[in-house]
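Student: Please find one structure pasted underneath; my questions will follow.
2 protein chains.
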Amino acid sequence: MTNTNDSWTALGDTMRRAIFELLVEDPRSVTELARALPVTRSAVSQHLKVLKGAGLVVDTPAGKHRIYRVDPNGLAPLRADLDRYWMKALAAYKAAVEQPQEE
Amino acid sequence: MTNTNDSWTALGDTMRRAIFELLVEDPRSVTELARALPVTRSAVSQHLKVLKGAGLVVDTPAGKHRIYRVDPNGLAPLRADLDRYWMKALAAYKAAVEQPQEE
DNA sequence: CGTTCGTGTTAGTCATGGCTAACGCGTTAG
DNA sequence: CTAACGCGTTAGCCATGACTAACACGAACG
Numbered sequence: 001m002t003n004t005n006d007s008w009t010a011l012g013d014t015m016r017r018a019i020f021e022l023l024v025e026d027p028r029s030v031t032e033l034a035r036a037l038p039v040t041r042s043a044v045s046q047h048l049k050v051l052k053g054a055g056l057v058v059d060t061p062a063g064k065h066r067i068y069r070v071d072p073n074g075l076a077p078l079r080a081d082l083d084r085y086w087m088k089a090l091a092a093y094k095a096a097v098e099q100p101q102e103e
Numbered sequence: 001m002t003n004t005n006d007s008w009t010a011l012g013d014t015m016r017r018a019i020f021e022l023l024v025e026d027p028r029s030v031t032e033l034a035r036a037l038p039v040t041r042s043a044v045s046q047h048l049k050v051l052k053g054a055g056l057v058v059d060t061p062a063g064k065h066r067i068y069r070v071d072p073n074g075l076a077p078l079r080a081d082l083d084r085y086w087m088k089a090l091a092a093y094k095a096a097v098e099q100p101q102e103e
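Line by line, the protein sequences are chains A and B. FYI, in full-length UniProt numbering the residues of the first sequence are 1 to 103. FYI, in full-length UniProt numbering the residues of the second sequence are 1 to 103.
Pasting the structure below:
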């Protein structure tokens, strides 16, 4: 839970990233999301379950509706991974440029 | 190509992320990667093709071997997306906290 | 040369998971 | 209380893609 692995695979799917992008712009309900996307409400609901499991979104019951919004905390592990990749890659690239005949 | 979409889906796969993590630590050849992973050399080669297509890794012929290393440029679009998510999510969260009865 | 090593590619199988349709539950309004 | 709405869940189908095995090619080395 809240595993880094889940976050990557969650946003690895195109449809889920589309849903996430919509939620980043504005919090919405399930039906609103389904109306903006070429899939049924059921599919959206299942995707939201995955995103919620990864800690990327949170849901708030609001009357009849249920509003989904992005959770900044869920993005933190992704940023951590990406920063680590970034630094290591940059360091390796720099080292390779400075010493081409190394290794 | 070098599409943002490709980058996310490329790293969305567990095995590909494992390969990428290994390459982040140290540049390696295909056989070395295959030896460190529970899949065949062929599978690794196909995954590397995807990662290369996404601009996340580059290959350098080195004698008999072919060394794969991560490409910092490929990570840039991912960082851009993630930063955008981050800022928007944080702004929305802040706004929600400051004005709970909004919307 | 021919052989061996390292790799890419293809065909083909199989599993993962994304999708729809149908149902069940809770909540709200009349 | 009854009806309608919004949503989650399940079963089942189907497409995507991940994997292995086999083959083909080029480079290095004797």
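Note that beta-carbon positions come from the ideal geometry of N, C-alpha and C, so glycine has one too. Keep in mind it's a predicted model, so treat the numbers as computed, not measured.
Below 7 Å on C-beta distance, what does B/Lys52 contact in chain A?
Tutor: Sequence index remark: in the second sequence, residue 52 of chain B carries index 52 (1-based). Simply none; closest approach about 15 Å.
Student: Would a check of beta-carbon distances place B/Pro61 closer than 8 Å to chain A?
Tutor: What you label residue 61 of chain B is simply residue 61 of the second sequence in a count that begins at 1. Chain A contact via Cβ: absent.
Student: Return the residue from the list A/Arg79, A/Ala89, A/Phe20 that minimises the CA-CA distance to A/Thr4.
Tutor: Taking the first sequence and counting its residues from 1, one reaches residue 4 of chain A at position 4. With distances taken between Cα atoms, A/Thr4 lies closest to A/Arg79.
Student: Who are the Cβ neighbours of B/Thr60 in its own chain at under 6 Å, not counting the five residues just before and after it?
Tutor: Position 60 of the second sequence, counted from the first residue, corresponds to residue 60 of chain B. For B/Thr60, where only same-chain residues beyond five positions count, the Cβ hits under 6 Å are Ile67.
Student: Can you give me, in chain order, the residues of the region 77–96 of chain B that have a beta carbon less than 8 Å from any beta carbon in chain A?
Tutor: Per Cβ criterion, the list reads Leu78, Arg79, Leu82, Arg84, Tyr85, Trp86, Lys88, Ala89, Leu90, Ala92, Tyr93, Ala96.
Student: Quick one: residues in its chain with C-beta nearer than 7 Å to the C-beta of B/Ala10, no 5 flanking neighbours on either side, listed in chain order?
Tutor: The residue given as residue 10 of chain B occupies position 10 in the second sequence. So the list reads Arg16, Val50, Leu51, Ala54, Leu56, once near-sequence residues are dropped.
Student: Candidates A/Ala89, A/Val70, A/His65, A/Arg41: which alpha carbon is nearest B/Ala95's?
Tutor: Residue 95 of chain B sits at position 95 when you count from the first residue of the second sequence. The option with the nearest alpha carbon to B/Ala95 is A/Val70.
Student: Alpha carbon to alpha carbon, how far is A/His65 from B/Asn73? Give it in angstroms, no decimals.
Tutor: Indexing the second sequence from 1 puts residue 73 of chain B at position 73. Indexing the first sequence from 1 puts residue 65 of chain A at position 65. Cα to Cα, B/Asn73 sits roughly 42 Å from A/His65.
Student: Beta-carbon of A/Asn5 versus every beta-carbon of chain B: anything under 8 Å?
Tutor: Counting from one through the first sequence, the residue named residue 5 of chain A turns up at place 5. A/Asn5 counts as touching chain B.
Student: Looking at B/Leu37: is its Cβ nearer than 8 Å to the Cβ of B/Val30?
Tutor: By 1-based counting over the second sequence, the position of residue 37 of chain B is 37. By 1-based counting over the second sequence, the position of residue 30 of chain B is 30. Cβ atoms of B/Leu37 and B/Val30: not closer than 8 Å.
Student: Tell me, to the nearest whole angstrom, how far the beta carbon of B/Leu82 is from that of A/Leu75; I am working on the premise that it is less than 8 Å.
Tutor: Within the second sequence, numbered from 1, the residue matching residue 82 of chain B stands at position 82. Within the first sequence, numbered from 1, the residue matching residue 75 of chain A stands at position 75. Rounded, the Cβ-Cβ distance is 7 Å, consistent with contact.
Student: What in chain A is Cβ-close to B/Arg17, meaning under 7 Å?
Tutor: Locating residue 17 of chain B in the second sequence gives position 17, where the first residue counts as 1. The answer, in chain order, is Trp8.
Student: Nearer than 7 Å: is that true of the beta carbon of A/Glu25 relative to any heavy atom of the ligand MG?
Tutor: For the ligand MG, the structure offers nothing, since it holds no ligand at all.
Student: Out of A/Glu21, A/Asp26, A/Ala92, A/Glu25, which one is the CA nearest neighbour of A/His47?
Tutor: As a working note, residue 47 of chain A is residue 47 in the first sequence. Closest by alpha carbon: A/Glu21.
Student: Go through the UniProt domain "HTH arsR-type" (1–90) of chain A residue by residue and report every complete run of the alpha helix (DSSP H) that reaches 4 residues or more, in order.
Tutor: Listed in chain order, the complete alpha helix (DSSP H) runs (minimum 4 residues) inside the UniProt domain "HTH arsR-type" (1–90) of chain A are 4–12, 14–25, 30–36, 41–53.
Student: Using alpha carbons as the reference points, say which of A/Met87, A/Ala62, A/Ala91, A/Val58 lies closest to B/Ala89.
Tutor: Against the second sequence, residue 89 of chain B aligns to sequence position 89. Ranking the options by Cα distance to B/Ala89, first place goes to A/Val58.
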